Structure formats: C-alpha cells, structure tokens
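Chemist:
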Amino acid sequence: MQLLYKDKIFYFRTMNLFRKILFPFAILYGFITSIRNFLFDKGILASYSFELPIIVVGNLSVGGTGKTPQIEYLIRLLSERYTIATLSRGYKRKSKGFVLANANATAETLGDEPYQFYQKFPLIQVAVDADRKNGIEQLLAQSHPPQVILLDDAFQHRKVKAGFYILLTAYDDLFADDFLLPTGNLRESSSGAQRADVIVVTKCPTTLSEEQQYLIKQKIKQYAKAPVYFSSIVYDDFVFSKTASVPVTTIQQTACVLVAGIAKPDSFFDYLKNSESICLTYPDHHHFTESDIQQIKQQAGDKLIVTTEKDYVRLKDSELKDQLYYLPIRTSLMVDSNEFDSAVLDYLKK
Numbered sequence: 029m030q031l032l033y034k035d036k037i038f039y040f041r042t043m044n045l046f047r048k049i050l051f052p053f054a055i056l057y058g059f060i061t062s063i064r065n066f067l068f069d070k071g072i073l074a075s076y077s078f079e080l081p082i083i084v085v086g087n088l089s090v091g092g093t094g095k096t097p098q099i100e101y102l103i104r105l106l107s108e109r110y111t112i113a114t115l116s117r118g119y120k121r122k123s124k125g126f127v128l129a130n131a132n133a134t135a136e137t138l139g140d141e142p143y144q145f146y147q148k149f150p151l152i153q154v155a156v157d158a159d160r161k162n163g164i165e166q167l168l169a170q171s172h173p174p175q176v177i178l179l180d181d182a183f184q185h186r187k188v189k190a191g192f193y194i195l196l197t198a199y200d201d202l203f204a205d206d207f208l209l210p211t212g213n214l215r216e217s218s219s220g221a222q223r224a225d226v227i228v229v230t231k232c233p234t235t236l237s238e239e240q241q242y243l244i245k246q247k248i249k250q251y252a253k254a255p256v257y258f259s260s261i262v263y264d265d266f267v268f269s270k271t272a273s274v275p276v277t278t279i280q281q282t283a284c285v286l287v288a289g290i291a292k293p294d295s296f297f298d299y300l301k302n303s304e305s306i307c308l309t310y311p312d313h314h315h316f317t318e319s320d321i322q323q324i325k326q327q328a329g330d331k332l333i334v335t336t337e338k339d340y341v342r343l344k345d346s347e348l349k350d351q352l353y354y355l356p357i358r359t360s361l362m363v364d365s366n367e368f369d370s371a372v373l374d375y376l377k378k
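Residue numbering for the sequence shown is 29 to 378, as defined by the working numbering.
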C-alpha cells in the first residue's frame, strides 16, 4: 500500500489507538518472551558457541534503528584487518535456506539489505539464512571461511551465543521509553538490554548536547550497564544513478519524486524535499509491483526519481532506471568513536 506523505498523521493516530486497545496482548507477549529468555539464560534451551569471533548488531524494537549503516560501519572498520562475512535472515527474500551471494545474486534471492552489502563490499562474504546456526556452519565449511562473522538483526536469535553484542536504539524511539508489542514496538522487555556489550543511540541530531546525552544515558542505565555511544546519519553530497551523479543541492531545489520503502523515512524526505517535491511512502522492505512502478512513473513524468539506498537495489533494473537515483548514507559516531572502535577491536584480539 502506498501512503502519500500528507496522509501519515491520520494513519499513525489510528494505529496508536488500535495499539492501546491491544494492551492485554502486550502483557501476554511479554510473559512469553520473558519465559523464553529465562530458559536460554538457564541453559534449558541450548545456545551454540563457535570458536571464531561473532558480532551481533540488533535492537529491542522492530525496524528503523539503523542496523544496515551500523553493519557497514563495522565492515569498513574490520575488512582491512580480517576476512569478514555478514549473515542475515534475508527478510522478504524469495529464496529459502542458506544462500551465499555470488554473481547471480539479486535483491530477491538475498533480500534488499544483504544485497546492498554485496554490491558495496564485493570483497566480503555475504550470506543469508533464517537459521543463523546453520548459516554459520555453512560459512565455516567454505573453502575460505571467514575470520569474523557479523550477524545482522540477531539480538533475539539466542540459539547462537555470540561473543559481542551491539544494541541499537533510535534517538527518537528509545527502548527505555517504549513498551512491548503490540502496544509498543519492543520485541522483548527492556531488560534484554543487559545482554549488550555496547549500546549505540542512533539517528541523533548533530546538535545533541552533552546534557541531553547524559539524560539519555541515565534512562538507559536503568536497564543495562554497557557503555552508551551516540551516532548520527551522514548523508552524501551527491545522489547517484548507474552512470551519473547529481549534487544534493540540485535535488533540494528541483521538483523531484522522492520514494522510500523504509521503516522511518521522515529524515530522508526532510533532507531532500522542497515545496515542489512529491514524496511517496511504501512499507519497509516493500517489493515494488508493476503497478507500483507505473504509479511512480506517472507521478514522475520526466522528473528525477530519488530513493533510498536500500530501495534502489530493488528498483535499479526496473522501468524507472533511466531517471532513478539513490542517496547514500553512513553512520558517524558523534563522540568517543575511538573508544567504540577499540571495544570492538579488543574483543577480536582476544
């Protein structure tokens, strides 16, 4: 379902009311997830460890915390020192079981985020498997196994016991202020943050003061003792197509169509839009149908179409390709980046 940007306020108000009605189910859900965590904590349900270093990047809430740019940050940090593999579930892919990316890979066989990793970092191994234990075993059975595995969105995948856990929480949606599904967005109780080795508050405004950071840390410390870091999203100065690039300043002053199928697209739109922009929103990980393509094409006419990096991998071979551009992003640690890097590297040195 496509949502025009102006319709979102009504949509979210309706959803918030519906979520409050479902409060009893949130209590039941919390009880079930707490029992599950208790069984893993006590060893009644088995967790499997591996000899090589495994780093988990995940969250307590559903979607929109910036896992993809955080994984890319780690790839840049580690790939010159170690042989890296990423292992993801491959959400909404059309393949099954374990898949290792190769020249025939597509967003449909890997999922959009793993395919993005494969396109941007061709020297690393990119794999998908809903069963992370099996996925790790398959990677280790390769003729050139990785030295480090990055598990994407696996904080609740407790069948595998990783060596280092990075928990992400978005600045405008802190887990400490949230509640369990379906009333809130939490996959498990906030007490799950105790499993984290480091916590990163993502998508912070670049103007975040030390006092504001301190107040956020105090909230988080009610649930976890891990060190807390802050990061912001850095947008590129250009948007890119397969063959060209356009300065962002041009996009910000031109009538364009902006397309986003991500969990929280507001910052993407706010960065690029002007009074003449057309903003089209689709669900997270949306598979664009031929009808969607024609709707976008009709809205665009001869205008440029700018989308997110994640959506681009699903649209780049479509009928829109000749007018389609994407905006790259990176995560940037605001302070103590060397301390964060050292925490990850020290774990690997052990």
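Positions of the beta carbon are idealized from the N, C-alpha and C atoms, including for glycine. Note that the coordinates shown come from a computational prediction; the quantities given were computed from them, not determined experimentally.
Once the 5 residues before and after residue 287 are set aside, which same chain residues still bring their CB inside 7 Å of it?
Modeler: Here the set comprises 308, 324, 333, 335 and 339.
Chemist: Reducing DSSP to helix, strand and coil, say where residue 142 ends up.
Modeler: Of the three classes helix, strand and coil, the one that applies to residue 142 here is helix, per DSSP.
Chemist: Ordered along the chain, which non-local residues of its own chain (more than five positions away) have a Cβ less than 6 Å from that of residue 213?
Modeler: Excluding sequence neighbours, residue 213 sits near 89, 90 and 206.
Chemist: Could you give the first and the last residue of the continuous alpha helix (DSSP H) run that contains residue 55?
Modeler: Here the alpha helix (DSSP H) through residue 55 covers 51–69.
Chemist: Nearest-angstrom Cα distance between residue 108 and residue 50?
Modeler: Near 48 Å, if we compare the C-alpha coordinates of residue 50 and residue 108.
Chemist: According to DSSP, simplified to helix, strand and coil, what is residue 31?
Modeler: Note that residue 31 has pLDDT 47, beneath the 50 cutoff, so the model's placement of it is unreliable and no number is given.
Chemist: For the alpha helix (DSSP H) that contains residue 99, what are its first and last residues?
Modeler: Looking at the DSSP string, the run of the alpha helix (DSSP H) that includes residue 99 is 95–106.
Chemist: With DSSP collapsed to three states, give me the class of residue 137.
Modeler: It is helical.
Chemist: Are the beta-carbon atoms of residue 122 and residue 136 separated by less than 8 Å?
Modeler: Yes, the pair counts as a contact, with Cβ atoms nearer than the cut-off.
Chemist: Nearest-angstrom Cα distance between residue 187 and residue 157?
Modeler: Cα to Cα, the separation comes out at about 13 Å.
Chemist: Determine contact between the stretch 220–231 and the stretch 252–259, defined as no fewer than three beta-carbon pairs at a distance below 8 Å.
Modeler: Judged by Cβ distances under 8 Å, the stretch 220–231 makes contact with the stretch 252–259, as three or more pairs qualify.
Chemist: Specify, as a first and last residue, the run of the beta strand (DSSP E) that residue 87 falls within.
Modeler: 82–87 is the span of the beta strand (DSSP E), which, as asked, contains residue 87.
Chemist: Between residue 275 and residue 315, what straight-line distance do the alpha-carbon atoms span, to the nearest angstrom?
Modeler: One C-alpha to the other measures close to 28 Å.
Chemist: Just to confirm, is the Cβ distance from residue 375 to residue 191 under 8 Å?
Modeler: In this structure, residue 191 lies closer than 8 Å to residue 375 by Cβ.
Chemist: Quick check: the Cα distance between residue 347 and residue 321, rounded to an integer number of angstroms?
Modeler: Approximately 7 Å, taken between the alpha carbons.
Chemist: Between which residues of its own chain and residue 58 is the CB-CB distance below 7 Å, once the five residues before and five after are set aside?
Modeler: Here the set comprises 208 and 217.
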